[in-house]
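Chains as they are written, first to last, in our numbering: chain A, 2 to 361; chain B, 2 to 361. Let me begin by presenting the structure, written as structure tokens, before commenting on it.
There are 2 protein chains.
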Amino acid sequence: MIIVPPYWFLEALGEVVTYEVVDSSLPVHGGDIAAAVKRYGIPHEQWLDLSTGINPCAYPVGTFTPDVWQALPDKSLEIDVLDAARSGYGVADGARIVAAPGTQALIQWLPRLISAQDVAVVSPTYSEHAGSWTACGATVREVSSLSEGDDAEVLIVVNPNNPNGRMYEPLDLLRRAEGRARQGRWIIVDEAFCDVTPELSLARKAGAPGLIVLRSFGKFFGLAGARLGFALCPQELGDRLSAAMGPWAVSGPAAVLGARALRDADWIEATRQSLADMTRSVDALIHDVGMTVLGGTNLFRLTHFEQAVPVYHALAKRGVLTRAYAACPQWIRFGLPADQDAFHRLDVALRAAVAEVNGA
Amino acid sequence: MIIVPPYWFLEALGEVVTYEVVDSSLPVHGGDIAAAVKRYGIPHEQWLDLSTGINPCAYPVGTFTPDVWQALPDKSLEIDVLDAARSGYGVADGARIVAAPGTQALIQWLPRLISAQDVAVVSPTYSEHAGSWTACGATVREVSSLSEGDDAEVLIVVNPNNPNGRMYEPLDLLRRAEGRARQGRWIIVDEAFCDVTPELSLARKAGAPGLIVLRSFGKFFGLAGARLGFALCPQELGDRLSAAMGPWAVSGPAAVLGARALRDADWIEATRQSLADMTRSVDALIHDVGMTVLGGTNLFRLTHFEQAVPVYHALAKRGVLTRAYAACPQWIRFGLPADQDAFHRLDVALRAAVAEVNGA
Chain A
2 MIIVPPYWFL EALGEVVTYE VVDSSLPVHG GDIAAAVKRY GIPHEQWLDL STGINPCAYP
62 VGTFTPDVWQ ALPDKSLEID VLDAARSGYG VADGARIVAA PGTQALIQWL PRLISAQDVA
122 VVSPTYSEHA GSWTACGATV REVSSLSEGD DAEVLIVVNP NNPNGRMYEP LDLLRRAEGR
182 ARQGRWIIVD EAFCDVTPEL SLARKAGAPG LIVLRSFGKF FGLAGARLGF ALCPQELGDR
242 LSAAMGPWAV SGPAAVLGAR ALRDADWIEA TRQSLADMTR SVDALIHDVG MTVLGGTNLF
302 RLTHFEQAVP VYHALAKRGV LTRAYAACPQ WIRFGLPADQ DAFHRLDVAL RAAVAEVNGA
Chain B
2 MIIVPPYWFL EALGEVVTYE VVDSSLPVHG GDIAAAVKRY GIPHEQWLDL STGINPCAYP
62 VGTFTPDVWQ ALPDKSLEID VLDAARSGYG VADGARIVAA PGTQALIQWL PRLISAQDVA
122 VVSPTYSEHA GSWTACGATV REVSSLSEGD DAEVLIVVNP NNPNGRMYEP LDLLRRAEGR
182 ARQGRWIIVD EAFCDVTPEL SLARKAGAPG LIVLRSFGKF FGLAGARLGF ALCPQELGDR
242 LSAAMGPWAV SGPAAVLGAR ALRDADWIEA TRQSLADMTR SVDALIHDVG MTVLGGTNLF
302 RLTHFEQAVP VYHALAKRGV LTRAYAACPQ WIRFGLPADQ DAFHRLDVAL RAAVAEVNGA
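Below, the structure is given as structure tokens:
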């Protein structure tokens with residue numbers, strides 16, 4: 002069963018296939034401030050970066066003992082961060098957890114370790130899944146529902162999805178994983194943004210045959226630069242993933258930060274609450290300027306506007322970087338502002354940008 | 002032409018094949034303090050860790066702006082660290098430089114990108130080269146000279162070599178690379194410890210067909226926990242390596258640290274000098290207790306002693322962790338002490354350990 006949020010417009014999905022690329026200069030990923038500096042002539046420090054789904058209120062980095070930087074990250078450090086991930090994400094005892102320098106590293110490795118020709122990615126979504134399997138020679142189909150990808154050797158779904166926030170019922174995903182496993186097939190559930198919707202997570206069922214769950218540390222904890230992500234999967238695949246990445250895959254500071262943050266239940270709970278509050282403010286503003294919220298999570302909002310690409314550029318001229326999509330020229334995705342000051346800046350810039358585009 | 006240091010005993014090489022594994026509990030790598038804590042019951046902070054070739058006097062970590070931790074490491078950060086590596090290592094203009102989260106990540110990826118069945122590793126050396134090619138299905142031969150591996154599709158040599166410090170003349174390696182390239186063959190020159198012997202480096206010739214040079218950031222700069230390494234290679238292979246690792250492979254802090262440190266010519270020069278001084282002190286001590294220096298670099302010393310494994314354990318009981326080799330029970334490798342206090346501790350412990358083993 003697919004959970005369709007009330008604000009979700011199925012029409013929006015159709016745009017992916019019908020719209021042509023209108024602006025090939027739009028960035029492939031969010032977060033490339035350097036490119037924005039070059040394009041719009043605004044210095045690095047003056048940008049309000051809302052182009053990613055990374056929490057702008059980061060977990061405090063704190064300090065590290067010198068050996069964290071100096072020594073090879075030893076076994077005890079690895080055990081510690083894996084233990085924190087197990088309790089923090091609520092991972093089933095039978096599952097193997099593999100730490101990586103970012104979920105992206107796992108996305109790069111999985112196609113090398115799972116032999117598959119026919120891969121289905123529930124789309125639109127984060128483009129690197131399709132990219133990495135294609136690069137390894139697989140034929141990748143962008144499907145619009147789980148059922149459409151049922152016959153693929155590997156089925157990939159992001160839950161909740163980026164950019165549209167589409168949610169999938171975890172027990173339905175588990176049932177599919179078990180059915181697929183009997184045919185030697187896999188389902189990859191990328192839970193990159195699941196920290197704000199823990200009820201959707203399959204972490205408690207990880208280890209089930211045919212199921213690979215990916216968790217990103219950097220997004221919810223706001224520490225994308227640290228590079229840390231996890232695969233939760235059956236033992237045998239985990240052993241192969243770990244062997245493929247080799248020793249010392251994760252940096253000492255990332256392991257220490259991960260271990261601290263994933264155990265900090267108070268910070269996690271307070272952050273879920275404040276992200277929910279800010280999301281309500283952003284949605285109200287978007288509605289107020291005449292744009293439509295198509296969906297999202299409490300880390301980003303996908304919006305629809307007839308003149309979205311012009312608004313994207315008009316915001317960028319004002320030093321506010323959002324995310325536009327060459328393939329969907331009526332979409333803008335907004336990351337969340339860090340605080341009331343940043344929200345105010347977005348408020349002023351967005352009203353001005355929309356007015357400019359509307360010719361007011 | 003192979004440069005044979007005057008203190009190098011060719012007999013030592015023979016031990017690799019003739020000795021049997023005497024102590025399977027010896028660690029596979031240095032640096033695993035956690036395992037030593039468990040085995041010898043000495044708390045983490047009380048160890049003098051001389052088990053690696055990592056410079057114990059680290060480059061100062063300094064501070065980072067918050068965005069280094071929080072944002073995805075953007076293109077400008079990548080360009081900056083690659084630029085610093087190009088000038089710091091003196092890399093030829095035509096060569097591609099690819100940054101990775103540690104040289105180990107490159108060692109893991111290369112066998113996936115270069116198709117080869119027959120691989121030769123000049124041995125004894127760092128075990129992960131043979132391991133990663135074997136894991137990818139190649140047949141790996143441990144050869145004792147470059148010429149012996151001439152016919153292999155991929156020939157791997159560490160220069161200067163770990164653990165014995167054996168040195169290879171760079172122009173001879175270049176000539177071999179060029180000859181091999183005409184047959185579609187590669188030579189991988191792992192320069193993990195080359196910062197202390199820059200005259201041996203092939204960085205200035207990188208980009209030559211058939212040549213892959215690996216540089217480790219963490220060893221000389223003493224920041225192994227940061228995870229940073231580089232491949233210097235022809236453009237086409239570099240493009241494939243970079244694509245295989247995907248975006249944001251290196252953490253923000255590692256990129257910033259690398260960019261700072263690789264440009265700090267004064268620190269680099271002073272450190273080369275102080276490591277050379279400490280090496281002389283350590284060699285004198287080793288000689289004084291009746292052990293023989295077989296070779297090494299100014300980051301580690303390989304020694305020979307009839308009762309090396311008992312001395313290794315006797316040192317460990319005293320909280321001094323060195324590196325012993327199950328396959329070569331008459332070898333101990335010593336990393337360098339950080340300062341005179343650490344040297345004094347080694348001095349006292351080594352004299353006591355040797356006396357204990359000699360039954361004095």
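Beta carbons: idealized from backbone N, C-alpha and C, even for Gly. Since we're looking at a predicted model, the values are computed, not measured.
Beta-bridge partners assigned by DSSP to S217 (chain B): B:G230.
For E200 (chain A) and T298 (chain A), the gap between their C-alpha atoms comes out near 13 Å. Distances from the CA of T198 (chain B) to each of B:S146, B:E237 and B:R167 were compared; the closest alpha carbon is that of B:R167.
Cβ proximity to chain B below 7 Å picks out G32, D33, I34, A35 and A36 from the segment 32–45 of chain A.
Taking CB atoms only, D75 (chain B) has a neighbour in chain A less than 7 Å away.
C-alpha of Y169 (chain B) to C-alpha of T126 (chain B): approximately 14 Å in a straight line. For E143 (chain A), the enclosing beta strand (DSSP E) begins and ends at T140 to V144. DSSP assignment within the segment 99–186 of chain B yields the following whole beta strand (DSSP E) runs of 3 residues or more, N-terminal first: 119–123, 140–144 and 155–159. Of the candidates B:P338, B:D348 and B:I213, B:D348 places its Cα closest to the Cα of D289 (chain B). Taking a cut-off of 8 Å on C-beta distances, the segment 325–339 of chain B touches the segment 278–286 of chain B, as three or more cross pairs fall below it.
For the C-beta of E129 (chain A), the chain B residues within less than 8 Å are, from N- to C-terminus, G247 and P248. Between the beta-carbon of V251 (chain B) and that of A101 (chain B) there is about 7 Å, and that keeps the pair under the 8 Å contact cut. Your pair A131 (chain B) and E143 (chain B) checks out as a contact, with CB atoms roughly 7 Å apart and the cut at 8 Å.
Counting only the Cα atoms, L295 (chain B) lies some 5 Å from L303 (chain B).
Nearest C-alpha to G54 (chain B) among B:L172, B:L224 and B:P44: B:L224. Taking a beta-carbon distance threshold of 7 Å, Q109 (chain B) counts as an interface residue toward chain A. Bridge pairing for G95 (chain A): absent [DSSP]. For W70 (chain A), the nearest CB of chain B lies under 7 Å from its own CB, placing it at the interface with that chain. In the DSSP assignment, the residues bridged to R324 (chain A) are A:R334. Among the residues of chain A, none has a CB under 7 Å from the CB of L49 (chain B); the nearest is roughly 12 Å distant. By the 16-neighbour rule on beta-carbons within 10 angstroms, G180 (chain A) is exposed. T64 (chain A) and G226 (chain A) have their C-alpha atoms spaced approximately 16 Å apart. Using a Cβ-Cβ cut-off of 7 Å, S252 (chain A) counts as an interface residue toward chain B, since at least one Cβ of chain B sits closer than that to its own. Comparing alpha-carbon positions, the option among B:D50, B:K76, B:V99 and B:I115 lying closest to A343 (chain B) turns out to be B:D50.
Scanning chain A for C-beta atoms nearer than 7 Å to the C-beta of V62 (chain B) yields W70, reported in chain order. Measuring C-alpha to C-alpha distances from N163 (chain A) to each of A:A96, A:W110 and A:S128 identifies A:S128 as the nearest.
In this structure, DSSP gives H305 (chain B) an extended state, which the three-state scheme calls strand. The Cβ of Q236 (chain A) sits no closer than 7 Å to any Cβ of chain B. Linking L73 (chain A) to K318 (chain B) through their CA atoms gives a straight-line distance of about 22 Å. Taking a cut-off of 8 Å on C-beta distances, the segment 208–217 of chain B touches the segment 181–197 of chain B, as three or more cross pairs fall below it. Going by DSSP, T53 (chain B) is part of no alpha helix (DSSP H) at all; its letter is neither H nor E. With respect to the 7 Å criterion, L316 (chain A) and A86 (chain A) are not classified as neighbours on the basis of their beta carbons. If you look at L258 (chain A), you'll find it in the alpha helix (DSSP H) that goes G253 to L263.
Taking a cut-off of 8 Å on C-beta distances, the segment 201–211 of chain B touches the segment 183–190 of chain B, as three or more cross pairs fall below it.
With contacts defined as CB atoms closer than 7 Å, L233 (chain B) and A255 (chain B) fail to qualify as a contacting pair. Secondary structure note for T298 (chain B): its beta strand (DSSP E) is the uninterrupted segment T293 to T298.
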